[in-house]
Every structure is written in structure tokens, then in C-alpha cells.
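Number of protein chains: 2
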Amino acid sequence: MTEAGSHPLNPRKKPRQTRAKVTLDAIFEATIQLLLSDGLHRLTTTRVAERAGVSVGTMYQYFPHKLSLIYALNERYLEALAEKIEATCQRHKGAPVQTMVDALIDTYWDAKTERPEVTRALYRSVAELDNEELIEAFAKRVDAATLSMFDTAPQEAFADLPQVNLALLTVIFGTVRNAFERNLGGEAERALRGELKLMCKAYLTTAARAQRKQIIETAE
Amino acid sequence: MTEAGSHPLNPRKKPRQTRAKVTLDAIFEATIQLLLSDGLHRLTTTRVAERAGVSVGTMYQYFPHKLSLIYALNERYLEALAEKIEATCQRHKGAPVQTMVDALIDTYWDAKTERPEVTRALYRSVAELDNEELIEAFAKRVDAATLSMFDTAPQEAFADLPQVNLALLTVIFGTVRNAFERNLGGEAERALRGELKLMCKAYLTTAARAQRKQIIETAE
DNA sequence: TCATAATATGAAGGATCATTCAGTTTGAGG
DNA sequence: CCTCAAACTGAATGATCCTTCATATTATGA
Numbered sequence: 014m015t016e017a018g019s020h021p022l023n024p025r026k027k028p029r030q031t032r033a034k035v036t037l038d039a040i041f042e043a044t045i046q047l048l049l050s051d052g053l054h055r056l057t058t059t060r061v062a063e064r065a066g067v068s069v070g071t072m073y074q075y076f077p078h079k080l081s082l083i084y085a086l087n088e089r090y091l092e093a094l095a096e097k098i099e100a101t102c103q104r105h106k107g108a109p110v111q112t113m114v115d116a117l118i119d120t121y122w123d124a125k126t127e128r129p130e131v132t133r134a135l136y137r138s139v140a141e142l143d144n145e146e147l148i149e150a151f152a153k154r155v156d157a158a159t160l161s162m163f164d165t166a167p168q169e170a171f172a173d174l175p176q177v178n179l180a181l182l183t184v185i186f187g188t189v190r191n192a193f194e195r196n197l198g199g200e201a202e203r204a205l206r207g208e209l210k211l212m213c214k215a216y217l218t219t220a221a222r223a224q225r226k227q228i229i230e231t232a233e
Numbered sequence: 014m015t016e017a018g019s020h021p022l023n024p025r026k027k028p029r030q031t032r033a034k035v036t037l038d039a040i041f042e043a044t045i046q047l048l049l050s051d052g053l054h055r056l057t058t059t060r061v062a063e064r065a066g067v068s069v070g071t072m073y074q075y076f077p078h079k080l081s082l083i084y085a086l087n088e089r090y091l092e093a094l095a096e097k098i099e100a101t102c103q104r105h106k107g108a109p110v111q112t113m114v115d116a117l118i119d120t121y122w123d124a125k126t127e128r129p130e131v132t133r134a135l136y137r138s139v140a141e142l143d144n145e146e147l148i149e150a151f152a153k154r155v156d157a158a159t160l161s162m163f164d165t166a167p168q169e170a171f172a173d174l175p176q177v178n179l180a181l182l183t184v185i186f187g188t189v190r191n192a193f194e195r196n197l198g199g200e201a202e203r204a205l206r207g208e209l210k211l212m213c214k215a216y217l218t219t220a221a222r223a224q225r226k227q228i229i230e231t232a233e
């Protein structure tokens, strides 16, 4: 679907000199701006180049085609996001699960809220991509990070931690996405974040309780 | 963003004769098929017409431009979905909240799972639209339906039902969307649905408990 | 049956764009 | 300072595609 093209999505070459790095940054920034102001279907290689202050040809030195530019942009964004999440997970190893969940939600939500318009634009642009690999890679990475964090939670045991972990991530990420899609006002958004935290924590409590019961039953 | 065009998104005219209704259906079905097989950026007015077995000109009798076709398609889909949800809400008035939540989640998830590929294709296509109105109208309608359902829940009181309602909907819809985006296997998907139900019910329980406490405090 | 409205046709116009490549400029290392 | 590779240029190419409109076909109901 959406066809990755017979050409690879990967960049053509990496910048070796400083000016090339500057150029690349300019291209990415221009892409974001155009995505913001005009949307993906108005985004033109010529316009990107123009806005970035380079020529079209330059773009094609780094990207084999237009989609690969969008792809790289999202890759970059997800990379940064994954790093933030991993850092948070590291920082909260051994903490109570409640703290973990709050931190996870805050990290993710804050990251998305930092530049809300960009977030929205990227959510949109990624839909046009052959994004399975991208999403999958990101998901695997985050799965692993949070899993290893929850694994260190004291006084908690879950029958199926991976399942609980997957559920939490899907719910959190999905909720945030939907919140952005609905463009809730700042107040409603803040309230929603609180409810989401409540919900996740309530879930963890009952999930742990169920596990305790299961252990008891097994012992009998 | 994405520009609705200076032209309106609304259809040009409604079919009066039977053959016109047939034509319209064929056009919609062809659109879905092309969305499925080639993705939005390969979807061409000519190709849609061809697949539908009509001429391009015919399409333009009903839709002022290509985007309005996509728009109408999503409108149609959301209309059907909203109806299902409203029916479920009607059917469960007065039931215990646990039952309500289960029914709501099942209705939504089942509807999305009925034709998973179509769901995915529409999720993608709607991203290219100026979809705020569309989403907002759907959201308002569903909000109202579920709100009036939860309002009839016996033995439950929530400090801020609208807020709880919004939270539930955002979480449920977001989770389902994310589950589709990640293309989880059927097994993982089923498990996730169960966890989502658990989570929502755990949330409702603690939300109601908090309210009870609040009432007591107020009474003192 | 006939007049009129509804529907359908599809070639042609007009515009936009992605992508290339032959040639130029700039930087780095010796 | 000189050489070579890296980086950059942008007009030209070739293709795709949306949309229109003058014309043709089909239904309706009087």
C-alpha cells in the first residue's frame, strides 16, 4: 500500500562536510514548515528546496524521492521520542509503579505537546507512508524500555507482564493521538491527562490484585 | 491545512433516479477498493471511474472534486458507525456500568474489525482531509449517546460525568486506532481488548469510589 | 407518445510536479 | 597553492492527472 516505490526509502548518502549537515537541517525544517502551512499534498520538492534555500538537485543528493524525505523526517522524530522515553524508563527503575506510569505518561504527552502543530502534521504525514517498519521499530524499542522498567517495580507481580505492558502502551499512545486529533482545548487536555493516569493506575492495581489471587489459588 | 479548496466539500447533487444511486454506490465501492490496493496518492479520478464502470464526467456530477469524494466516503462510514454506537447505548440504558463499558468497547471494536483493511484505509485517507468538522460532528454525536447511557447507570455517581465520559471515549477510540496501526496479530488483539475492558472498569470503580468519598466529605 | 429533466460520456485543455544531469562552485588535504 | 572529491545548481524532460463541456443517452410523467 501507498507503495514504497521500487526505490529504497533510505537516504542516498550522508553528509560529510559541515555545510551539508546545515543543508540537511534546512531541508528538514523547510519540510516541517510546509507540512504545517500547506499539508502533505501541497508539499512540493521545489517548494521544499526553495524554502530551505537550496536547489532541488541538492535534495535529490540526499533523498532518492519525495517520500523518502517524509520518511526520514518521521524517523528522526521517532528517534528523538524513543530516546526520551528510554531516558525516563532508566530514571524510574525501582520506583513504585504509580510513579512509573505517571512519568511515562508525562514524558510522552509533554513530548507531543511541545510543538503541537508539528505533532499533528507528522501524525498526518506518516499516514501516507509505508510505515509499518517505522512504527514497528519504534514500538519494539519502547516496548523493551518500559518492560524492563516495570520489571523492576517493587512489591508488584503481574501474571503476564508483557501483556500488561503492551496494553499500557497502546492505551497511552492511542489516547494521546486521539486527544490531538480532537484538538481539545488546553483545559480539557489537561483534565484528560489526569484521567488517563487514574485509569492506568487503577488498571495496574487490579491487575496486580488478580495476580496475587492467582498465586494463592495455585498454592492451594 | 490540507486546504478544503475554495470549493465546498459537499456533494454537488443527490441522486434522484435509481440508476444514479447505483452509480454512486459503485463509485464509493471503487474508491474503497482503490484505497485498499493502491493507497490515496495513487487514487485517480480516472481510475475510480474506470473501476466503477462509469466515466469521469459522471463522478463530477456528484462531487465537485476528488477530495470531496474521500470526504463523503468517510462521512458515510462515520454515519454508520455512529448509528451502531447509538443503538448500543439505547439498548444498555439502565444496565450496570460494567455491562455498558463492555458493550461499548465490543461495538466499536467489532465495527472496526469487520473489514479491517477498509478500516485501515479509511484511517489513512482521513488524514489527508480537512477533517475537523467531520471528526467533531462524530465526536459530539457519540459523546451525547454515551453520556445519556451512563447517566442511567444505577448505583453510580461521578463527580464529573462528562469528564469521565470524554476520558472513556478518547481512551477507547485511541486504543483501537493504535491497535490497528500496529497491526497486532488476532491473538494479541483479542487479549488487548480484554485488558482495555479491565482498565476501563477499574477506572470507573475508582472514579465512583472517589465520588462517594467526596459526597461524604461534603456532608461533614 | 413527446417534452423535459436527469444522467452519462470521454476527448481535450491546462496545470502541476517529480526527477535528471551536465556543468559549476566550494571545501579539504597534501 | 593545487587537486580531487564533495556539494550544489536549475533548466529541461516527461509524465501524470484534475477538471470541463459539448454532446449523447435514458427515464419520467403528462
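Those protein sequence lines, which keep their order, are chains A and B. If you read the first sequence in the working numbering, its first letter stands for residue 14, the second for the next number, and so on. If you read the second sequence in the working numbering, its first letter stands for residue 14, the second for the next number, and so on. All C-beta atoms in this analysis are idealised placements derived from N, C-alpha and C, irrespective of residue type, glycine included. Since the model is a prediction, treat every value here as computed from it, not as a measurement.
Check: Considering only the beta carbon of each residue, do B/VAL67 and B/THR36 sit closer than 7 Å?
Finding: Contact flag set, yes.
Check: Among B/VAL114, B/LEU82, B/TYR121, which one has its Cα closest to the Cα of B/PRO24?
Finding: Among B/VAL114, B/LEU82, B/TYR121, the Cα nearest to that of B/PRO24 belongs to B/LEU82.
Checklist line | B/ALA95 versus B/ASN87, B/ARG64, B/VAL155, B/ILE45, residue with shortest Cα-Cα distance | finding: B/VAL155
Next item on the list: At 8 Å on the CB atoms, spell out the chain B contacts of A/MET212, in chain order.
Entry: ALA180, VAL184, MET212, CYS213, ALA215, TYR216
Check: What are the residues of the region 105–128 of chain B that lie near chain A, defined by any Cβ-Cβ distance shorter than 9 Å?
Finding: none
Notebook entry, point to check: Can B/PHE186 and A/ASN87 be called in contact, C-beta distance under 7 Å?
Noted result: no
Next item on the list: Flag this pair as yes or no: are the beta carbons of A/LYS125 and A/VAL189 separated by less than 7 Å?
Entry: At a Cβ-Cβ threshold of 7 Å, A/LYS125 and A/VAL189 count as neighbours.
Margin query: My assumption, with CB atoms under 8 Å, is that B/ALA8 sits in contact with A/LEU209. Please give the rounded CB distance.
Written below: There is simply no residue 8 of chain B to check, as chain B begins at 14 and stops at 233 in what is shown.
Notebook entry, point to check: Under a CB-based cut-off of 7 Å, is B/THR132 close to chain A?
Noted result: no
Check: Is the CB of B/GLN176 under 7 Å away from at least one CB in chain A?
Finding: Yes - at least one Cβ of chain A is within 7 Å of the one on B/GLN176.
Next item on the list: Keeping to the same chain, check which residues put their C-beta closer than 7 Å to that of A/PRO175; ignore five residues upstream and five downstream.
Entry: LEU160, listed in sequence order.
Notebook entry, point to check: Is any beta-carbon of chain A found at less than 7 Å from that of B/ALA140?
Noted result: With 7 Å as the cut-off, B/ALA140 counts as an interface residue toward chain A.
Check: Using a C-beta to C-beta distance shorter than 9 Å, which residues of chain B count as neighbours of A/ALA172?
Finding: None at all; the shortest Cβ gap to chain B is about 11 Å.
Next item on the list: Ignoring anything shorter than 4 residues or poking outside the region 141–191 of chain B, list the alpha helix (DSSP H) runs there in chain order.
Entry: 145–163
Check: At a Cβ cut of 9 Å, what residues of the region 59–86 of chain A count as close to chain B, listed as they run along the chain?
Finding: Those residues of the region 59–86 of chain A that come within reach of chain B (Cβ to Cβ, closer than 9 Å) are LEU80.
Checklist line | Partners in chain B for A/ALA158, counting only beta-carbon separations shorter than 8 Å | finding: Residues of chain B passing the Cβ test: none, with the nearest at roughly 16 Å.
Next item on the list: Return helix, strand or coil for A/VAL110, following the three-state DSSP convention.
Entry: Three-state DSSP puts A/VAL110 in a helix.
Notebook entry, point to check: For the alpha helix (DSSP H) that contains A/PHE41, what are its first and last residues?
Noted result: 31–51
Check: Which residue comes first and which comes last in the alpha helix (DSSP H) that contains A/ARG11?
Finding: Nothing about residue 11 of chain A can be read from this structure; chain A reaches only from 14 to 233.
Margin query: So the candidates are B/GLY207, B/LEU22, B/THR218, B/THR183; which of them puts its Cα closest to the Cα of B/ASP115?
Written below: B/GLY207
Checklist line | Assigned exposure category for A/ALA166 - 16 Cβ within 10 Å defines buried | finding: Label assigned to A/ALA166: buried.
Check: Where do the ends of the alpha helix (DSSP H) carrying A/VAL67 lie?
Finding: A/VAL67 -> no alpha helix (DSSP H), and no H or E assigned at all.
Margin query: Report the CB separation of A/THR132 from A/PHE193 in whole angstroms; it is logged as a contact under 8 Å.
Written below: 6 Å
Note to self: Looking at B/ALA215: is its Cβ nearer than 7 Å to the Cβ of A/ALA215?
What the structure shows: Yes; because the gap between Cβ atoms is below 7 Å, this pair is in contact.
Notebook entry, point to check: Which residues bound the alpha helix (DSSP H) around A/THR57?
Noted result: It is not in any alpha helix (DSSP H) - A/THR57 carries neither H nor E in the DSSP assignment.
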